[in-house]
Amino acid sequence: MMNNENLKCNMDCIKSIEEIFDNELFKVLSEPIRCEIIKYLAINGESDISTIAGNFIQDRSVISRHLNQIYKLNLLTMRKEERRTIYNLNALELLNKFELTTEKIRLLIGDCNP
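Each residue of the sequence shown is one higher than the one before, starting from 1252 at the first, in this note's numbering.
Below, the structure written as structure tokens:
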């Protein structure tokens, strides 16, 4: 039988788990094409939208929307070069987000492990 303190701890743990896994990083990475775009940029380096879209079966407009979602999370840098928009992977930010998530999970394991 659970006492009030254990129940509160369990509720706090549930809330922490929800915060960890219901964040924007996981939302962005839950779409396979976004992961493919990230991998493409990691392998090929900076590219414009036409070059990126040329490597996928989706319409350019769809790729553009996905790039925008990744960019909003600061996982891409973007710069204008004449009429082209050049995207590049912000690998350090991606690493930072994974490290922050890992640290939260470590704390959660310590707090919620009976």
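Glycine is no exception: its CB is placed at the ideal position from the N, C-alpha and C atoms.
Everything numeric in this text was worked out from a predicted model, so none of it was measured.
Spatial distance of residue i from residue j (CA atoms)
{"i": "Ala1342", "j": "Ile1321", "result": "12 Å"}
{"i": "Glu1282", "j": "Ser1267", "result": "23 Å"}
{"i": "Tyr1338", "j": "Leu1346", "result": "18 Å"}
{"i": "Leu1326", "j": "Glu1344", "result": "6 Å"}
{"i": "Gln1309", "j": "Asn1319", "result": "15 Å"}
{"i": "Arg1330", "j": "Gly1296", "result": "14 Å"}
{"i": "Tyr1291", "j": "Ser1298", "result": "9 Å"}
{"i": "Lys1278", "j": "Ile1360", "result": "22 Å"}
{"i": "Leu1351", "j": "Leu1358", "result": "11 Å"}
{"i": "Leu1280", "j": "Glu1333", "result": "30 Å"}
{"i": "Met1252", "j": "Met1262", "result": "Residue placement at Met1252 cannot be trusted, given a pLDDT of 46 that sits under 50; what the coordinates show is reported in the next sentence. Straight-line Cα distance between these residues: approximately 15 Å."}
{"i": "Cys1286", "j": "Thr1336", "result": "20 Å"}
Opening and closing residue of the beta strand (DSSP E) in which residue i lies
{"i": "Asn1325", "result": "Run containing Asn1325: none; DSSP gives neither H nor E here."}
Counterpart residues of residue i in DSSP-defined beta bridges
{"i": "Tyr1332", "result": "In the sequence as presented, Tyr is not what sits at residue 1332; that position holds Glu. Glu1332 is bridged to Arg1335."}
{"i": "Leu1340", "result": "Leu1327"}
Within 9 Å, strictly: CB atoms of residue i and residue j
{"i": "His1317", "j": "Ile1265", "result": "no"}
{"i": "Phe1307", "j": "Ile1288", "result": "yes"}
{"i": "Glu1270", "j": "Lys1355", "result": "yes"}
{"i": "Leu1340", "j": "Thr1328", "result": "yes"}
Extent of the continuous alpha helix (DSSP H) run through residue i
{"i": "Phe1277", "result": "1275-1280"}
{"i": "Ile1288", "result": "1283-1295"}
{"i": "Ile1308", "result": "Run containing Ile1308: none; DSSP gives neither H nor E here."}
- On the three-pair Cβ rule with 8 Å, is the region 1267-1282 touching the region 1299-1307? no
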